[in-house]
Amino acid sequence: MSQVLRSTVDIDSPAYRENEAAMRARLAELAAEQAKALAGGGEKYVRRHHDRGKLLARERIELLVDPDSAFLELSPLAAWGTDFPVGASVVTGIGVVEGVECVIVANDPTVRGGTSNPWTLRKTFRANDIAVANRLPVISLVESGGADLATQSEIFIPGGRLFRDLTRLSAAGIPTVTAVFGNATAGGAYVPGMSDYTIMVKQRAKVFLGGPPLVKMATGEEADDEALGGAEMHAGTSGLADYLAEDEVDALRQTRRVVARLNWRKQGPAPAAHPAEPRHDPEELLGIVSADLRVPFDPREVIARIVDGSEFDEFKPRYGTSLTTGWAAVHGYPIGILANARGVLFSEESQKATQFIQLANASDTPLLFLQNTTGYMVGADYEQAGIIKHGAMMINAVANSRVPHLTIVMGASYGAGNYGMCGRAYDPRFLFSWPNAKSAVMGPAQLAGVLSIVARQAAAARGQDYDEDKDEAMRRMVEEQVETESLAPFLSGRLYDDGVIDPRDTRTVLGICLSAIHSAPVRGADGYGVFRM
Amino acid sequence: MISRLMVANRGEIARRVIRTCRALGISPVVVCSDPDADAPFVAEADAAVRLPGASPTETYLRAAALVAAARAAGADAVHPGYGFLSENAAFARAVLDAGLTWVGPDPDCIEAMGSKIAAKKRMAAAGVPVLPELDPESVTEDDLPVLVKASAGGGGRGMRTVRSLADLPGELAAARAEAASAFGDGAVFCEPLLTGARHVEVQVLADAHGTVWALGERECSIQRRHQKIVEETPSPAVDAGIRARLCEAAVTAARAIGYVGAGTVEFLLDDQGRFHFLEVNTRLQVEHPVTECVYGMDLVAWQLAVAEGERLPAEPPAPRGHAIEVRLYAEDPAHDWRPASGRLLRFEVSDVDAEFAVPPSYGLRLDAGVASGSEVGVHYDPMLAKVIAWAPNRTAAARRLAAALAGARVHGLTTNRELLVNVLRHPEFLAGRTDTAFLDRHGVAALAEPLAGPDAVRLSALAAALAEAQRRRATARVQRTVPAGWRNLPSAPQRVAFRHAESIVDVEYRLTRDGLASNVPGEPTLLSATEDQVVLDVAGVRHRFAVAGYDTGDGRLVAVDSPLGPVSLATVPRFPDPDAVLAEGATVAPMPGTVLRVAVREGDRVDAGAELLVLEAMKMEHRVTAAASGVVTELPVRPGQQVDAGTVLAVVSDPHPERDVERP
Chain A
1 MSQVLRSTVD IDSPAYRENE AAMRARLAEL AAEQAKALAG GGEKYVRRHH DRGKLLARER
61 IELLVDPDSA FLELSPLAAW GTDFPVGASV VTGIGVVEGV ECVIVANDPT VRGGTSNPWT
121 LRKTFRANDI AVANRLPVIS LVESGGADLA TQSEIFIPGG RLFRDLTRLS AAGIPTVTAV
181 FGNATAGGAY VPGMSDYTIM VKQRAKVFLG GPPLVKMATG EEADDEALGG AEMHAGTSGL
241 ADYLAEDEVD ALRQTRRVVA RLNWRKQGPA PAAHPAEPRH DPEELLGIVS ADLRVPFDPR
301 EVIARIVDGS EFDEFKPRYG TSLTTGWAAV HGYPIGILAN ARGVLFSEES QKATQFIQLA
361 NASDTPLLFL QNTTGYMVGA DYEQAGIIKH GAMMINAVAN SRVPHLTIVM GASYGAGNYG
421 MCGRAYDPRF LFSWPNAKSA VMGPAQLAGV LSIVARQAAA ARGQDYDEDK DEAMRRMVEE
481 QVETESLAPF LSGRLYDDGV IDPRDTRTVL GICLSAIHSA PVRGADGYGV FRM
Chain D
1 MISRLMVANR GEIARRVIRT CRALGISPVV VCSDPDADAP FVAEADAAVR LPGASPTETY
61 LRAAALVAAA RAAGADAVHP GYGFLSENAA FARAVLDAGL TWVGPDPDCI EAMGSKIAAK
121 KRMAAAGVPV LPELDPESVT EDDLPVLVKA SAGGGGRGMR TVRSLADLPG ELAAARAEAA
181 SAFGDGAVFC EPLLTGARHV EVQVLADAHG TVWALGEREC SIQRRHQKIV EETPSPAVDA
241 GIRARLCEAA VTAARAIGYV GAGTVEFLLD DQGRFHFLEV NTRLQVEHPV TECVYGMDLV
301 AWQLAVAEGE RLPAEPPAPR GHAIEVRLYA EDPAHDWRPA SGRLLRFEVS DVDAEFAVPP
361 SYGLRLDAGV ASGSEVGVHY DPMLAKVIAW APNRTAAARR LAAALAGARV HGLTTNRELL
421 VNVLRHPEFL AGRTDTAFLD RHGVAALAEP LAGPDAVRLS ALAAALAEAQ RRRATARVQR
481 TVPAGWRNLP SAPQRVAFRH AESIVDVEYR LTRDGLASNV PGEPTLLSAT EDQVVLDVAG
541 VRHRFAVAGY DTGDGRLVAV DSPLGPVSLA TVPRFPDPDA VLAEGATVAP MPGTVLRVAV
601 REGDRVDAGA ELLVLEAMKM EHRVTAAASG VVTELPVRPG QQVDAGTVLA VVSDPHPERD
661 VERP
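Top line first, the protein sequences correspond to chains A and D. Quick note on UniProt numbering: the first sequence kicks off at 1 and runs consecutively. Quick note on UniProt numbering: the second sequence kicks off at 1 and runs consecutively.
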């Protein structure tokens, strides 16, 4: 009999109410940012696109995926806080097509003609990485004006990876399907060119290396769009198109048929058939998470609202209690969970985590990291007790673990705690943030304080007086900058997570991710780096 | 004594006879055509003899084959049911000549009554009031309107109303053709058409020892195409005085021909209480259950007893209460009663008190020829079932019957159920004003109005969409337990379109954290949804919808039943089939049938409404006309060809279409 987590959350307490109000305010901000991504190129360009009888990127996706199935959009805030529109003129995500989980990449032609900027590339690369790591077929819905030429220097050289990824996917036995709805010219022409299957929409798709003006300039030849790269030409003459679609809807129908015939089989184990919903209301996550990141919260209250039946068998509950570890299941998939309970990681926590990660690898169990950490403990006692060695053990285990990792940044993610708890650099299969999350080398106040102390010491060394007013201004500026740059939208904009999610959706998001992950085999590590004892 | 009885019939009446056989310990055997091989009556019989073929002439109308079947099955008696050869004297003789017991009157008696022309003469002579007979060749303007009838007829076949002399030759020809096809006898005659009259008939039961019972009257005035659809006893138009005279006339008629067994004497009753003899049906009637209920007796059991030579008691039992029967047909009243065929996906009538038998007390009786999954073919009468309510009085019976029909789950085929419910709930019906012009007077279109109004249709469509969503989730290959239609960035609701009657119902829905969001007015909220039941709350009132989805050959049908009325929805595919685009101007077969004749040739110019060809289906001739003027460019069918519903029969194109307007 599994251990069922009890909850001690008091939803009428002032703390709960404050937390909830703060979280709702953050969710409203998040919704406003997501609305920007959803708006694409804005009303005018959306209308113009519709007037041409074309569907929007998300309309194409809605028709492509199975009715009533889920669609998890990835990196929706890409390019947030940059000079480029939120969303980076491409929609990526995981959708179910004919019962097959696929990575879908759809250009948004209403945003600057669907041209690719550096963030478009990064977002697409991330989608491709997810496809490779989890063995998910890739469906590209192409309509792009090509590279955003103003940023060509940042795109041209790294952009080659796009085509490399497609063919490597194919080589790995992961199918790639491309439907072309409009322009796919120059470099863009290689997306259909590198795909296993290609569908082109009659009189809409234009796939050529050089268009009429370029051809005229290069060779003097007079040729029109259709002759150079029309769908009918490619379907009947060049053979680049495998299927000719009557219209956009027909292209999506044919894409679905192609996927239906992939004979796709997931290689990971199937989930348990009838997982129980959590016994505690996920709605309460809003008030459980502290509005003030300095106030720790019990991650068991979160786990109780995420895992099947709120059942959690805790491992080493009396040892290293600042990190909670244990076994559970989400949507029928067994997982091991590591969750920060009181922010700081000590030697005990590090050793406990190292053992737990090895156990998960021994039993081929995916791991979920619930981050709310201020980092590894500092101080003479801890240094002398070997906190570096122990932290290194934990990072060694995380880095070399081969079972799939999922990371949720629930709150703070500071310092090397970000690494030990499987931050972005440790390649978790998926990493999502809650809207209140913050990641940085340390907290803004601490960072500003450290800078102040260092400056003060430097001044003293030079024998100068220290300007306290300047120090105050510097501290405020640094704090503000670090605060902004540690917030979830900023980091999400830079692709340091796969999206900012509503905490109440965590179970659903994990369910989708775990299901996608199990498209690939789930196997633990055979070896680790040398554990320094 | 009869020990093994063969029913020379099919469907509901075969089951009815089998039911009595079981009650009496007689072994029932049946015959079956190829399409009937899996029918319920075949499954219920002790033995079944195959009659190869499908059409009645190949099967249930082959007297010799039927007699051979009876012998092969070891039957010692034959019950003819009704229709087919039930009033065929030659068949009765063949049965008797084979040494078998014939459950019915003497062949001579059948013969005497089989010709309606001769029967009328005989009845007139016995003093029974009759209508004058008109020679079809000498009908004048003054005689109009007249009714053309097949002399050998029954069941409305070969019967035609003529209101203009110009129509007479055509209708005569059609009636003769129909009569010849249905009865093997093309003789027809004319009678004055009494408008506003009632069709009233008396059930008689006579033994071979001189006792003749008249078991009250049945009123069967509400008819479509001369076929009864609502029957009841007693008649609201018959008082004790008229009843006494009717019964006396019926007994006189039976005695005049030495009738033995169960039979029916039909009369036309006018609003003055005068009545005229129409004909004698020398067999059991379709509507016999109402008499059985009210008199508390098993008429089939008495038919067998009389055939075995038993005596009737001197007096019949006393009647009790009121019984109404309706005939549930697979047909579309709103479209000229077009018969429907195909698979009856579900057939469920709730709270039935008895099947093929009198309920122990007042209650609901069901005599059905079909069951869920039955195939309703094109070869036979499309009657699915008879539903009978028996209650202390007429209004109570009508209310019970209407409720039973409205709540029945009948999926896959269009039926006349809603028309029947509307008739039973009509104030004029409840007031007893039910003459033969009832349907015309109140309008078939109005009476065929669906029970579910536009709001009910939209709610039902929403329920259908939500139930289908549950089904899709439950059968999903992956992410089965993830919330339906989940999005982290919702950009559009789930959309599904249903075809309902001639319109499209678009449903948009999204299941959010805060509940159901939909485009259905009234802001319905979702209380629960499974793949077969959805509960919605609309303005504080809970509505429960039973939902059943079926994969049919050409799509998915979702049938929604609720107290708001039944709603049948055909799912419009998300992606149109690019090959299924019909040529513009194509005329398709409205139902399965046989092409009887083709009136045009390829290249002919036709005007809108011109006859293109004639389709025979369900024994009726259907004219297929041009929807628009133009030239016949395709004519892919030929006479005699079997066509399915939806088969392209002809394409009429406009040879001078408007030029496409160049757009800038």
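Ideal Cβ positions, reconstructed from N, Cα and C, are used throughout, including at glycine.
Contact belief for residue i with residue j at Cβ below 8 Å, rounded distance in angstroms
i, j, result
"T525 (chain D)", "Q470 (chain D)", "No, T525 (chain D) and Q470 (chain D) are not in contact; Cβ-Cβ is about 16 Å, not under 8 Å."
"R429 (chain A)", "I517 (chain A)", "5 Å"
"R499 (chain D)", "A484 (chain D)", "That pair is no contact at about 23 Å."
"L246 (chain D)", "E191 (chain D)", "Contact flag wrong, Cβ pair sits at about 19 Å."
"Q267 (chain A)", "S519 (chain A)", "7 Å"
Identified DSSP bridge partners for residue i
i, result
"C32 (chain D)", "D:R50"
"G515 (chain D)", "D:T512"
"residue 666 (chain D)", "Because residue 666 (chain D) is not part of the residues shown, which for chain D are 1 to 664, the question remains open."
"P192 (chain D)", "D:V146"
"R542 (chain D)", "D:D537"
"T552 (chain D)", "D:G555"
"H411 (chain D)", "D:R346"
Simplified DSSP assignment, three categories, for residue i
i, result
"G422 (chain A)", "Reading off the sequence, residue 422 (chain A) comes out as Cys, not Gly. DSSP places C422 (chain A) in coil when its eight states are reduced to three."
"S86 (chain D)", "coil"
"K202 (chain A)", "coil"
"M1 (chain D)", "coil"
"A380 (chain D)", "According to the sequence provided, residue 380 (chain D) is Tyr. The question's Ala does not apply to it. Here Y380 (chain D) sits in coil by DSSP."
"K123 (chain A)", "helix"
"Q285 (chain D)", "coil"
"A206 (chain D)", "strand"
"T325 (chain A)", "strand"
"R659 (chain D)", "Note that R659 (chain D) scores a pLDDT of 38, beneath 50, so its modelled location is shaky; the value from the coordinates is reported in the next line. Note: R659 (chain D) maps to coil in three-state DSSP."
"A57 (chain A)", "helix"
"A291 (chain A)", "coil"
"G11 (chain D)", "helix"
"P521 (chain A)", "coil"
Whether residue i touches residue j by CB criterion (9 Å)
i, j, result
"G93 (chain A)", "L72 (chain A)", "yes"
"L96 (chain D)", "M6 (chain D)", "no"
"V520 (chain D)", "E468 (chain D)", "no"
"L345 (chain D)", "G369 (chain D)", "no"
"S439 (chain A)", "Y376 (chain A)", "no"
"G592 (chain D)", "D554 (chain D)", "Reading off the sequence, residue 592 (chain D) comes out as Pro, not Gly. Contact: no."
"A341 (chain A)", "P296 (chain A)", "yes"
Residue environment, residue i, which counts as buried when at least 16 other CB atoms sit within 10 Å
i, result
"G443 (chain A)", "buried"
"P664 (chain D)", "Confidence at P664 (chain D) is low in this model, with a pLDDT of 36, below 50, so the placement of that residue should be treated as unreliable; the coordinate-derived value is given next. It counts as exposed."
"D660 (chain D)", "Because D660 (chain D) sits at a pLDDT of 38, beneath the cut-off of 50, its placement in the model cannot be relied upon, and the following sentence gives the value as read from the coordinates. When all chains shown are included, D660 (chain D) counts as exposed."
"G127 (chain D)", "exposed"
"V4 (chain A)", "exposed"
"A171 (chain A)", "exposed"
"L149 (chain A)", "exposed"
"R338 (chain D)", "buried"
"I408 (chain A)", "buried"
"H50 (chain A)", "exposed"
"E662 (chain D)", "With a pLDDT of 35 at E662 (chain D), under the threshold of 50, the modelled position of this residue cannot be trusted; read the value that follows with caution. Its Cβ having fewer than 16 others within 10 Å, E662 (chain D) is exposed."
"K228 (chain D)", "buried"
"Q34 (chain A)", "buried"
"K470 (chain A)", "exposed"
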